[in-house]
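Note sheet for the following structure.
Residue numbers (our numbering), protein chains in the order written: chain Y, 4 to 418; chain V, 1280 to 1471; chain F, 13 to 341.
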């Protein structure tokens, strides 16, 4: 049914439709509305046969999830930002144990400095942990991909995180077609665990594995993710048949045929990018990565191999080296001579606006882009702080200095 | 695409206003997107919310930099932030105030066609019907009257869906009152 | 007429006690059809108190639940010596996740059983003192506070033994560990530190809290039985000597546990919803020196009259606080 609702609310409805059995969550901006909604659904009885547990930390949230999933219950949780790091040990544990937990990540930056707004650092911080990472472009996809996520997770016995931009999607109210229970039940059968704690058939889960076998266990995890490269589009096809929408798969492309320049990105920013591309005349295509892990090397290479240049736009970066997504894309392009430019933008919720994108497109088309660009960087503020640090040993906190410089803080300088 | 930017302070229902407006457009079969611009939850802090309305799906997600209509729920914001930034020259401006633009000291900042800038005694209307100084529904009624981007019936239906029961009823009355007030005249409300 | 030499073994009152009891009153360990949840073949050290404590506790729980039990284990000695890849000595469904989350894993399993209508399947979460009193403390308190239907058992050998005998918040004052060496003006662990988790569990007012010791099997089994007869969050901390970590003789493990109780160092009590409901009186008070002397970790404490008397004061305080001697009612 078509509804005008908040993204978070859409997600909670989608998760509820998947008949989760255990939901354990700890609140953190910007995911709070999702867990609040689910809590109300369980408490009111509308979401039946579900235990909702208010845990004391994110570490507990995912740990409770590991216990319930290992005991055979379909399990869901959600987090963002600092919470992701607080549960990081459990993140690796869940994938290492092969438990099909589904988790929403309301993408938000990670401090210090503390910042509650959107970027994709949190998901990226655990990109190598062995979870499947799916990124959604809008709230319709958010709803659809959560439903697909449970099926993908349970088929492969790998946990899946569905990544949606915090505030921009979680708190946006837009038209979403929320599926019917009948459709979801047709698509998603009851959870049949690959391994389960059961007194009728005792097993030990989580034993130590020594040097003689560890490599093989890890390699199998890697192979499973590669299997996912085939499964994810398959499940998307199944989804399309029942729900009539193409929300998933590994990537999505627009106008890449014959385009010399292709912009590659993930998440909601593609909406603004496509609007900006429509407003200009150059032949620029776009590619949205929907599955970041597993990373679709072949599909991306295939889509980009005829371009003259690739511009990767990402809301994250690896301090000390540069773009994360860009370097993954470079791997896909290795062997070709096609340059891959890194554009890092939207950090800590900085708005990505068409004006800046237009300049970016122009520079790209004219081969005037630096290898790494920080979009809308206030270079003068940066230069002033670096100069300050050169002059004074006790130059103060970088964050406070930059804020004061930007006029955000009016406190008098002490130096 | 019609872009509305709503300014106010935390606790004045700015975010609800954007949501209700988006639902009103949805009721008319249009596409709409409402987004709050956040800080941490705190009463009294400046809040901005955006609402886009269009006949085709909306992909754009940047903040509304060039609003077609600006709603100012709290006139004390004029000194604090650049409320008018980007207001297009044929845009609409609705301010919650009993005073005139000259008295508010913003006459020089407004360069709009004559009937596009309207002052609405929204707090007073709200106190009358809702018994609380919540001007958001009132201003949406005014928006329907002045811009015609949505119909008043859509606004009231949207209010009812978000606030069922008595709260919805009084907000609807307040919105309809503002709609009537701003539909009938061009100049009168500037002096009340 | 041929003669066969008959040997009489003096085994002590504790073993003879079982044979003189009616069958129903005997310990689970005395029965041939005990579940042996922790089966032979594990790699524990000779004289490991934890291996005893775990087998005693889990076998009792299995009998009480009709063999419908699932266990979550924290990282530590118990987890390591029971599951040397590719073997496991557990004959029950068992999961090891992380060091600090055993209580949360238990919560999750209990929730799954509830939602699947399998509430006859019970859950135990267990770990050593490190995984319980320190790194696992947050999850433990969360489980208590929510009154999740989990019995948490802490096997307390007073240090991080598996990683090389480092100090935990359960390490008693004066004890030598790798991070509280007997050097300098204040050798061994500091006296003014440490955490009493059974009392903290009492403060959470959960349905059942108990301390136990591997020196008295009937008492330990009765406490596990009592715990399994109620629902909600329950906690038992079992005193388990570690010959390697304590520098004691493996054959003396049970005796050391007995002296810990009889000196007042390790008070045995039960509590429900924050009130103490029973206390085990000391049969014959033992001076702490007798308890400390067989342990190399206390060698410097015994040598120093001041620290020795500090330890005696701690024991006496426990005796006073819990009313452990008959004349104090």
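All C-beta atoms in this analysis are idealised placements derived from N, C-alpha and C, irrespective of residue type, glycine included.
Computed from a prediction, not measured in an experiment: that's the story for all the values here.
If the cut is a Cβ gap below 7 Å, which residues of chain F does residue i touch?
i             : result
residue 71/Y  : 120, 121, 123 and 124
residue 121/Y : Within 7 Å Cβ-Cβ: nothing; residue 121/Y doesn't reach chain F, min ~29 Å.
residue 429/Y : There is no way to answer for residue 429/Y, as the model of chain Y reaches only from 4 to 418.
Could you list which residues in chain Y have their beta carbon closer than 9 Å to that of residue i, in chain order?
i             : result
residue 151/F : 58, 59, 60, 62, 63, 66 and 67
residue 113/F : 62, 63, 65, 66, 67, 69, 70, 92, 93 and 96
For residue i, does the count of other Cβ atoms within 10 angstroms reach 16, so buried, or fall short, so exposed?
i             : result
residue 396/Y : exposed
residue 296/Y : buried
residue 90/Y  : buried
residue 2/F   : Residue 2/F lies beyond the range of chain F shown here (13 to 341); nothing can be said about it.
residue 143/Y : buried
residue 281/Y : exposed
residue 303/F : buried
residue 188/F : buried
residue 137/Y : buried
residue 119/F : buried
residue 214/F : buried
residue 340/F : Residue placement at residue 340/F cannot be trusted, given a pLDDT of 48 that sits under 50; what the coordinates show is reported in the next sentence. Result: exposed.
residue 45/F  : exposed
residue 197/F : exposed
residue 331/F : buried
residue 85/F  : buried
residue 268/F : buried
residue 239/F : buried
Using C-beta distances below 6 Å, list every residue in its chain close to residue i, excluding the 5 sequence neighbours before and after it, in chain order.
i              : result
residue 173/F  : 89, 254 and 257
residue 1436/V : 1306
residue 1333/V : 1280 and 1310
residue 1303/V : 1429, 1433, 1434 and 1437
residue 177/Y  : 142
residue 56/F   : 63 and 93
residue 1470/V : Below a pLDDT of 50, predicted positions are generally treated as unreliable, and residue 1470/V, at 42, falls in that range; the measurement from the model is reported next regardless. So no residue of the chain qualifies.
residue 1294/V : 1315 and 1328
residue 220/Y  : 212
Within a Cβ cutoff of 8 Å, which residues of the same chain sit near residue i, ignoring the five residues on either side of it in sequence?
i              : result
residue 1290/V : 1322 and 1323
Taking C-beta pairs closer than 7 Å, name the residues in chain Y that residue i reaches, listed in chain order.
i              : result
residue 1310/V : 178
residue 1305/V : 7 and 178
residue 1339/V : 274, 275 and 278
residue 4/F    : Examination of residue 4/F is not possible in this model, given that chain F is present from 13 through 341 alone.
residue 1344/V : 356
residue 1298/V : 176
residue 320/F  : Within chain Y, no residue comes near residue 320/F; the closest Cβ sits about 40 Å away, beyond 7 Å.
Who are the near neighbours of residue i in its chain, counting only those whose CB is closer than 7 Å to its CB and skipping five residues on each side?
i              : result
residue 302/Y  : 253 and 254
residue 14/Y   : 37, 107, 145, 146 and 149
residue 1425/V : 1371, 1373, 1397 and 1461
Given that residue i touches chain F, what residues does it touch there, using C-beta distances under 9 Å?
i             : result
residue 216/Y : 97 and 98
So that I know if they touch, is there some Cβ in chain C lying closer than 7 Å to that of residue i?
i            : result
residue 25/Y : Within the model displayed, chain C is absent; protein chains Y, V and F are what it includes.
Could you work out which residues of chain Y lie near residue i, taking near to mean beta carbons separated by less than 8 Å?
i              : result
residue 1314/V : 170, 171, 174, 175 and 176
residue 79/F   : 202
residue 103/F  : 205
residue 1301/V : 7, 176 and 177
residue 70/F   : Simply none; closest approach about 12 Å.
Please compile the residues from chain V whose C-beta is within a distance smaller than 7 Å of the C-beta of residue i.
i             : result
residue 271/Y : 1340
*Quick one, which residues of the stretch 198–214 of chain Y are near chain F if we go by CB-CB under 7 Å, in chain order?*
200, 201, 202, 205, 206, 207, 208, 209, 210, 211, 212 and 213
*Please list the residues of the stretch 42–59 of chain F that have a C-beta atom closer than 7 Å to any C-beta atom in chain Y, keeping them in chain order.*
none
*Members of the stretch 131–165 of chain F near chain Y, C-beta cut-off 9 Å*: 133, 135, 137, 150, 151, 153, 154, 155, 157, 158 and 160
_Contact residues within the stretch 276–299 of chain Y, judged by C-beta distance below 7 Å to chain V_ = 277 and 278
*What residues in the stretch 241–256 of chain Y bring their beta carbon closer than 7 Å to a beta carbon of chain V?*
none
*When you check each C-beta in the stretch 343–374 of chain Y against every C-beta of chain V, which residues fall closer than 7 Å?*
354, 355, 356 and 357
*What are the residues of the stretch 151–179 of chain Y that lie near chain V, defined by any Cβ-Cβ distance shorter than 9 Å?*
168, 170, 171, 172, 174, 175, 176, 177 and 178
*Against chain F: residues of the stretch 75–98 of chain Y by CB proximity under 8 Å*: 75, 76, 78, 92, 93 and 96
*Cβ-based contacts, 8 Å cut-off: residues of the stretch 1412–1435 of chain V near chain Y*: none
*Could you say if the stretch 92–100 of chain F and the stretch 198–218 of chain Y meet the contact criterion of at least three C-beta pairs nearer than 8 Å?*
yes
*asked:* Quick check: the stretch 123–131 of chain F against the stretch 58–72 of chain F, are at least 3 beta-carbon pairs closer than 8 Å?
replied: no
*Is it true that the stretch 177–187 of chain Y meets the stretch 73–85 of chain F, where meeting means three or more beta-carbon pairs spaced less than 8 Å apart?*
no
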